[in-house]
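In terms of this note's numbering, the sequence shown opens at residue 7 and continues consecutively. Ideal Cβ placement from N, Cα and C applies to all residues, glycine included. Values in this document were obtained by computation on a predicted structure and should not be read as measured data. Below is one structure, written out as structure tokens; comments come after it.
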Amino acid sequence: MTNIPETGRTPRVQIRLVVIQILVLSLLGTLGGRLWYLQIREGDEYAKEASGNHVQQVVEPAVRGSILDARGVPLADNETRLVVSASRTDLLKMKDDGKAVLTKLAGVLGMKPAEVMQKVRLCDAKTPQPCWNGSPYQPIPITDEATAKQALQIRERAEDFPGITAEPEAVRRYGAPAKSNAAQVLGYLSPVTDEEITKAQDTDSPYLRSDQVGRSGLEREYDKELRGKAGVTRYEVDNLGRVIGQAEADEAQPGANLVTSIDARVQRVAEYELNDAMKVARTQWDRNTNEKYKADSGAVVVMEAKTGRIVAMASNPTYDPNAWVGGISAKDYAKLTGKSSNYPLLNRAIQGLSAPGSTFKVISTAAAVEAGYDFDGRYPCTSSYSVGGQVFKNFESENFGPISLGRALEVSCDTVFYGLAHQQWQKDGGINPKKGQPKDYFFKAAHQFGLGKTTGIDLPNEVPGRIPDRQWKQDYWEANKDAWCKTGKKDGDYVQKIAYENCLEGNKMRAGDEINYSIGQGDTMVTPIQMATIYAAIANGGTLHDPTVGKAIVSADGKSVREIKPKSHGRLPISQATLKKMDTALAGVATEGTAAWRFAQVGWPQAKIPMHAKTGTAEVYGKQTTSWFATYTKDYTVVMTISQGGTGSGASGPAVRNIYDALYGVSDDGTINKKNALLPTPEKGLPKIQTDGTIKAPKVAKDPAKDQRASQEGAPEPDETQPAATVNTSTGGNRLTRRRRRARGNRRMLT
7 MTNIPETGRT PRVQIRLVVI QILVLSLLGT LGGRLWYLQI REGDEYAKEA
57 SGNHVQQVVE PAVRGSILDA RGVPLADNET RLVVSASRTD LLKMKDDGKA
107 VLTKLAGVLG MKPAEVMQKV RLCDAKTPQP CWNGSPYQPI PITDEATAKQ
157 ALQIRERAED FPGITAEPEA VRRYGAPAKS NAAQVLGYLS PVTDEEITKA
207 QDTDSPYLRS DQVGRSGLER EYDKELRGKA GVTRYEVDNL GRVIGQAEAD
257 EAQPGANLVT SIDARVQRVA EYELNDAMKV ARTQWDRNTN EKYKADSGAV
307 VVMEAKTGRI VAMASNPTYD PNAWVGGISA KDYAKLTGKS SNYPLLNRAI
357 QGLSAPGSTF KVISTAAAVE AGYDFDGRYP CTSSYSVGGQ VFKNFESENF
407 GPISLGRALE VSCDTVFYGL AHQQWQKDGG INPKKGQPKD YFFKAAHQFG
457 LGKTTGIDLP NEVPGRIPDR QWKQDYWEAN KDAWCKTGKK DGDYVQKIAY
507 ENCLEGNKMR AGDEINYSIG QGDTMVTPIQ MATIYAAIAN GGTLHDPTVG
557 KAIVSADGKS VREIKPKSHG RLPISQATLK KMDTALAGVA TEGTAAWRFA
607 QVGWPQAKIP MHAKTGTAEV YGKQTTSWFA TYTKDYTVVM TISQGGTGSG
657 ASGPAVRNIY DALYGVSDDG TINKKNALLP TPEKGLPKIQ TDGTIKAPKV
707 AKDPAKDQRA SQEGAPEPDE TQPAATVNTS TGGNRLTRRR RRARGNRRML
757 T
């Protein structure tokens with residue numbers, strides 16, 4: 007019988023166990039050696055290779071919110087275009103880095119191969135445009151103007167175009183739905199810069215490399231709300247750029263919609279009337295220079311008098327903001343910024359500075375009353391006013407005899423204000439006042455009316471204008487006295503004489519300075535939006551509102567609505583009694599004063615819609631006169647100005663009248679036709695945005711000129727979803743416009 011050990015193991019089993027132990031130890035030794043080799047011997051090398059494995063982001067841009075008019079008609083929205091893009095990652099996997107594919111793609115798109123290859127190269131300090139400044143891991147757009155045929159070729163022959171996609175994408179569009187321009191109000195977009203990305207890193211609205219941001223207008227002012235939040239998919243990639251896995255993804259959140267107080271129909275009319283007024287002005291002769299008026303720029307503002315909301319704002323010259331979509335070309339950029347273009351990027355309504363002329367007299371009137379002069383007193387309106395050998399003439403040497411301040415506003419008598427300003431200058435101590443002596447009522451009134459500072463409108467780059475008070479004169483003299491003293495000559499030409507006088511006493515308030523200032527001349531500079539704000543305040547009882555274009559921020563699904571309430575920045579520095587008298591005088595301007603030939607004498611229904619107006623013709627040294635026309639009703643304020651355009655009522659008057667005709671539906675014979683009224687009362691509600699993002703908005707007329715002619719000829723009332731607009735794009739203009747142009751030739755033009 008075989009002896010078995012107490013352990014129960016046979017020699018064969020023991021041998022096997024020893025073999026297994028040796029194998030395990032060998033494996034552990036091998037593994038340990040391998041770990042030592044990888045972590046110690048080659049650790050640095052593998053750490054270097056591992057560092058090449060990292061996460062990259064692919065960005066899905068958010069759909070930018072639309073900018074809507076008060077009724078929901080898009081002023082700026084997004085349209086679907088066929089966008090052809092290339093995946094740089096896929097192209098680099100090819101032996102020739104995708105050159106053959108890109109060359110083939112260029113042939114399909116009708117582009118040069120070099121042009122396509124430049125678009126997919128990455129931007130850096132040494133690489134000029136065109137190049138791609140976004141993430142190299144996201145599709146790079148080659149063109150957003152592909153035709154359906156081109157896109158079909160690419161998609162049907164996918165094997166010939168690896169890494170190339172042709173997909174519909176949202177691209178910004180301006181003006182098309184509303185049939186209006188509003189370029190300076192809307193603004194435009196361009197790619198974000200490295201500096202902007204850095205600055206916004208630690209904010210609640212950081213930028214991504216692929217973002218387009220607002221550069222001017224509402225696009226800039228409300229960029230954060232409109233931009234939304236881009237979607238980001240994070241991929242793990244190796245050091246060769248190959249995707250080895252997906253980390254996580256955040257869905258894109260569309261931007262909110264901005265509802266504005268702009269009415270696209272009124273905006274279209276305002277743009278047309280301003281442009282037409284400038285064209286007509288260029289056919290008129292300037293009697294002073296014996297040349298035709300240049301009418302080189304202008305602006306018009308239509309504002310709700312009781313709230314300060316902007317119904318229309320036009321600036322001329324203008325441009326097409328769609329030129330910026332997809333990147334502006336160097337040629338187009340030069341056209342927009344060159345001197346010969348007269349700088350259409352400027353919004354003249356908030357950035358255009360000029361002397362206000364006689365529209366400023368409402369401020370001088372308020373100042374005179376504050377200084378103690380009786381509104382109903384009698385003041386000499388002579389043909390001229392002399393001070394120290396210098397003669398200041400009334401417009402066209404008119405002489406109305408002793409008149410009240412109200413009548414002085416009606417007939418725009420300069421010499422009444424010359425006399426009041428001169429008397430107050432003398433009371434303030436003349437050219438060498440004692441310390442603390444000047445009351446400066448005329449200058450203080452301008453500041454209290456809001457001039458010399460911005461109105462607070464929700465548009466970027468508004469300028470404050472200038473009130474040439476004593477402090478401004480001192481600062482200006484200190485900055486320029488050296489140049490004046492160097493170039494000034496006592497017996498030189500006009501410019502040299504002025505420089506000589508300024509060298510000696512340019513920091514002092516001279517009689518002529520205050521006299522010129524009292525009628526809105528000299529160094530006083532204002533913007534149309536400032537004057538619109540002032541006349542709206544007179545209309546509403548004295549409240550100076552912050553002008554606003556934005557009315558509400560509405561989320562993409564319409565569920566969240568944040569209204570932008572009107573705000574005020576003060577009240578006019580005049581009593582209600584004086585305000586009422588001034589209001590009556592300004593109504594007199596439209597009925598029997600300098601604007602009567604634009605309203606009362608050509609069928610304006612004054613009894614039903616009381617019109618108030620003030621004309622202005624500002625003289626500018628070295629240039630032709632600037633036309634100003636400021637008006638208001640109980641609902642609206644309309645202010646228009648045309649640089650080098652002539653007189654206030656002559657150049658701007660017909661256009662302003664036509665805008666009111668469109669607003670209220672005033673016919674040729676002065677009757678009110680409600681069917682033709684675009685906006686007889688300001689829009690109070692907000693457009694309805696559905697949960698799917700669609701907007702309930704009325705249709706826009708395709709041919710506004712045809713609609714207007716049809717309504718004038720007694721056509722039936724148009725459907726409420728197809729409102730009739732009153733802009734006329736024909737050469738001759740409508741009947742009312744032609745009649746007023748004829749009147750221009752046989753009526754005397756007043757200031």
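Check: So for residue 322, helix, strand or coil by DSSP?; Outcome: strand
Check: Under a Cβ-count criterion, where at least 16 other Cβ atoms within 10 Å of its own Cβ denotes burial, should residue 97 be classed as buried or exposed?; Outcome: buried
Check: How would you write the range of the alpha helix (DSSP H) that residue 119 sits in, first residue to last?; Outcome: 119–126
Check: Cβ of residue 645 within 9 Å of Cβ of residue 123?; Outcome: no
Check: With DSSP as the reference, please indicate the residues paired to residue 646 in a beta bridge.; Outcome: 306, 635
Check: What residue range is occupied by the uninterrupted alpha helix (DSSP H) comprising residue 668?; Outcome: 659–670
Check: Can you tell me which of the three DSSP states residue 441 falls into?; Outcome: coil
Check: Can you tell me which residues form a DSSP beta bridge with residue 621?; Outcome: 635
Check: Determine the contact status of residue 607 and residue 631, defining contact as a CB-CB distance below 9 Å.; Outcome: no
Check: Could you pull out every residue in the same chain whose Cβ sits closer than 7 Å to the Cβ of residue 94, ignoring the five residues on either side in sequence?; Outcome: 126, 142, 146
Check: Using CA coordinates, which residue listed in 301, 83, 312, 666 is at the minimum distance from residue 604?; Outcome: 666
Check: What number of angstroms, rounded off, separates the C-alpha of residue 593 from the C-alpha of residue 617?; Outcome: 6 Å
Check: Specify the secondary structure class of residue 16 as computed by DSSP and reduced to three states.; Outcome: coil
Check: The beta strand (DSSP E) that contains residue 573, what's its start and end?; Outcome: 573–577
Check: Can you give the Cα-Cα distance for residue 119 and residue 156, rounded to whole angstroms?; Outcome: 16 Å
Check: Using the beta-carbon count (16 or more within 10 Å), is residue 400 buried or exposed?; Outcome: buried
Check: Give me the Cα-Cα distance between residue 407 and residue 388, rounded to the nearest whole angstrom.; Outcome: 6 Å
Check: Between the Cα of residue 301 and those of 501, 634, 680, spot the shortest distance and give me the residue it belongs to.; Outcome: 634
Check: Whose C-alpha, out of 163, 217, 165, 191, is nearest the C-alpha of residue 177?; Outcome: 217
Check: Look at residue 532 and residue 366 and say whether their C-beta atoms are less than 9 Å apart.; Outcome: yes
Check: Near residue 72, what residues of its chain come up, given a Cβ to Cβ distance below 6 Å and the 5 sequence neighbours on each side ignored?; Outcome: 80, 83, 263
Check: Assign residue 659 to buried or exposed, taking buried as 16 or more other Cβ atoms, counted over all protein chains shown, within 10 Å of its Cβ.; Outcome: buried
Check: Please report the residue range of the beta strand (DSSP E) in which residue 102 lies.; Outcome: Residue 102 -> no beta strand (DSSP E), and no H or E assigned at all.
Check: DSSP three-state label for residue 151, please.; Outcome: coil
Check: Taking the alpha-carbon of residue 439 as reference, which of 515, 453, 510 has the nearest alpha-carbon?; Outcome: 515
Check: Go ahead and pull the three-state DSSP assignment for residue 113.; Outcome: helix
Check: Measuring straight from C-alpha to C-alpha, what distance separates residue 202 and residue 219?; Outcome: 10 Å
Check: Locate the alpha helix (DSSP H) running through residue 597, then write down its first and last residues.; Outcome: 582–598
Check: Roughly how many angstroms lie between the CA atoms of residue 488 and residue 676, to the nearest whole one?; Outcome: 60 Å
Check: Measuring CB atoms only, is the segment 678–695 touching the segment 322–334, in the sense that at least three cross pairs come out at less than 8 Å?; Outcome: no
Check: By a C-beta neighbour count over all protein chains shown, 10 Å radius and 16 as the cutoff for buried, is residue 108 buried or exposed?; Outcome: buried
Check: Report the rounded CA-to-CA distance for residue 463 versus residue 552, giving the unit in angstroms.; Outcome: 6 Å
Check: What residues match up with residue 549 in a beta bridge as DSSP calls it?; Outcome: 577
Check: From residue 383 to residue 444, what distance separates their C-alpha atoms?; Outcome: 24 Å
Check: Comparing C-alpha positions only, which one of 211, 670, 611, 381 sits nearest to residue 410?; Outcome: 381
Check: Between 557, 280, 35, which lies nearest to residue 662 when the distance is taken from Cα to Cα?; Outcome: 280
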